[in-house]
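A.B. asks: Before I ask anything, here is the structure I am working with.
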Amino acid sequence: MAIRDDFEVAAAQVRAAVQRFALGLLVIAAFGAMLLGKADTVLVEHARVLALDMASPVLEAIARPVAVANRAIADLKEFASLREENARLREENARLLAWQTAARRLENENEGLRALANFREGPEAAFITARIVGDSVSAYVRGALLNAGRRAGVAAGQAVVTGEGLAGRIAEVGDNSARVLFVTDVSSRLPVLVERTRERAILAGDNSPQLRLTLLQSVAGVQRGDRIITSGHGGSFPVGIPVGEVVDTGEGGVRVRPFADFSRLEFVRVVDYGVTGLVTSGPSAPSVAAGQRGR
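Residue numbers for the sequence shown follow numbering that gives the first Met the number 0, beginning at 0 and rising by one.
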């Protein structure tokens, strides 16, 4: 029993001495390691390489199951996403098949009605592509200057379109240039249709980014998202050219966002649809004002 007590006392004294001089011993050990590294760099390098060689298999053995688990988790996530994508594609395919069936039925009905009415297609449209070389945008005018004119076949009243839809019409023509009047100009008036309801209206510009839909018989029938297309009335443009989309039907009236992005226009297409109407065309046309008054 006495021996045990003596051992515990000695252990406590050693522990107290180690705790008292632990910081100093660590500093001395670190300083010694630094001296050893400076004195014999080859030995230290060999020791480090040996330690890495010993640790590398252990780390690789630990990393393999982790990599396998990560790949399994990634495969499961990809499988789940593929199932969702497959379900979405099936649903989309079903909708497309329904639209295809409806389109074929409408095509057959259209062919039959054309045969009954002895319908004839209008003249094929001709077009040229022109670059916008200048803007005519101010507080009172919304338009642009093109680098193509009468010599290229441009005439007053022709449609100016982009890949998205109608941008405006040719207002003035020179030999090598032409001025476009955008649909957003305050003097622009365009006969249009609400594509969904086939209701006629007038699309008017007010020099703002959006257009006003006026002279509607029933404003309540127009909904946000309805597409607005040209109606073909007045003989200026044919039916069906997309113009814009209804974005607001509130107390401020029906507002339409044009499909054409006027802030990014660089090239436009000047189209001659082969129709003649209230818009004057020819070399003597001074401006689009007469055409706008006649609309």
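Just so you know, even glycine gets a beta-carbon here, dropped at the ideal spot from N, CA and C.
If contact is defined by three or more beta carbon pairs under 8 Å, each pair taking one atom from either stretch, is the region 143-162 in contact with the region 211-218?
C.D. replies: Touching, no.
A.B. asks: Sorted by chain position, which residues of the same chain lie with C-beta nearer than 8 Å to Ile240's C-beta, five sequence neighbours on each side aside?
C.D. replies: Within the sequence shown, residue 240 is the residue found at index 241, counting from 1. Only Ala158, Val160, Gly164, Leu165, Ile228, Thr229 meet the Cβ criterion.
A.B. asks: Among the residues of its own chain, which have a CB less than 7 Å from the CB of Gly220, if the five just before and after it don't count?
C.D. replies: The residue given as residue 220 occupies position 221 in the sequence shown. Same-chain partners within the cutoff: Thr196, Glu198.
A.B. asks: Would you say the beta carbon of Gly224 comes nearer than 7 Å to a heavy atom of the ligand PLP?
C.D. replies: Looking at this structure, you won't find the ligand PLP or any other ligand, since it has none at all.
A.B. asks: In the DSSP assignment, what residue or residues form a beta bridge with Pro190?
C.D. replies: Numbered from its first residue, the sequence shown carries residue 190 at position 191. In DSSP, Pro190 forms a bridge with Ile201.
A.B. asks: What's the gap between the Cα of Gly224 and the Cα of Val245?
C.D. replies: Stepping through the sequence shown from its first residue, residue 224 is reached at position 225. Stepping through the sequence shown from its first residue, residue 245 is reached at position 246. Counting only the Cα atoms, Val245 lies some 5 Å from Gly224.
A.B. asks: Which value, in whole angstroms, describes the spacing of the CA atoms of Ser176 and Leu144?
C.D. replies: Position 177 of the sequence shown, counting from 1, holds the residue named residue 176. Position 145 of the sequence shown, counting from 1, holds the residue named residue 144. About 7 Å.
A.B. asks: Is the CB-CB distance between Leu202 and Val191 below 8 Å?
C.D. replies: Working through the sequence shown from its first residue, we reach residue 202 at position 203. Working through the sequence shown from its first residue, we reach residue 191 at position 192. Taking 8 Å as the Cβ cut-off, Leu202 and Val191 qualify as a contacting pair.
A.B. asks: Nearest by alpha-carbon distance to Gly142: which of Glu110, Ala125, Arg178, Ala124 is it?
C.D. replies: As a position in the sequence shown, residue 142 is number 143, starting the count at 1. Comparing Cα-Cα distances from Gly142 to each of Glu110, Ala125, Arg178, Ala124, the minimum goes to Arg178.
A.B. asks: Please classify Arg296: does DSSP put it in a helix, a strand, or coil?
C.D. replies: Any property of residue 296 remains undetermined from this structure, which presents the chain solely from 0 to 294.
A.B. asks: Using 10 angstroms around the beta-carbon of Ala29, count the other beta-carbons present and answer buried if the total reaches 16, otherwise exposed.
C.D. replies: Here residue 29 refers to the residue found at position 30 when the sequence shown is read from its first residue. The residue in question, Ala29, is exposed, as its Cβ has fewer than 16 Cβ neighbours within 10 Å.
A.B. asks: Cα separation between Asp52 and Ala60?
C.D. replies: In the sequence shown, counting from the first residue as 1, residue 52 sits at position 53. In the sequence shown, counting from the first residue as 1, residue 60 sits at position 61. Taking the straight line joining both Cα atoms gives about 13 Å.
A.B. asks: Does the beta-carbon distance from Pro257 to Leu180 come in below 8 Å?
C.D. replies: If you number the sequence shown from 1, residue 257 lands on position 258. If you number the sequence shown from 1, residue 180 lands on position 181. No. Outside cutoff.
A.B. asks: By how many angstroms is the C-alpha of Val193 removed from the C-alpha of Ile131?
C.D. replies: Position 132 of the sequence shown, counted from the first residue, corresponds to residue 131. Position 194 of the sequence shown, counted from the first residue, corresponds to residue 193. Straight-line Cα distance between these residues: approximately 30 Å.
A.B. asks: Roughly how many whole angstroms lie between the Cα atoms of Phe78 and Arg89?
C.D. replies: Stepping through the sequence shown from its first residue, residue 78 is reached at position 79. Stepping through the sequence shown from its first residue, residue 89 is reached at position 90. Near 16 Å, if we compare the C-alpha coordinates of Arg89 and Phe78.
A.B. asks: What does the alpha-carbon distance come out to for the pair Val26 and Ala46?
C.D. replies: Within the sequence shown, residue 26 is the residue found at index 27, counting from 1. Within the sequence shown, residue 46 is the residue found at index 47, counting from 1. Distance between the alpha carbons of Val26 and Ala46 is about 21 Å.
A.B. asks: Name the one or two DSSP bridge partners that Ile131 has.
C.D. replies: Taking the first residue of the sequence shown as position 1, residue 131 is located at position 132. Ile131 pairs with Leu145.
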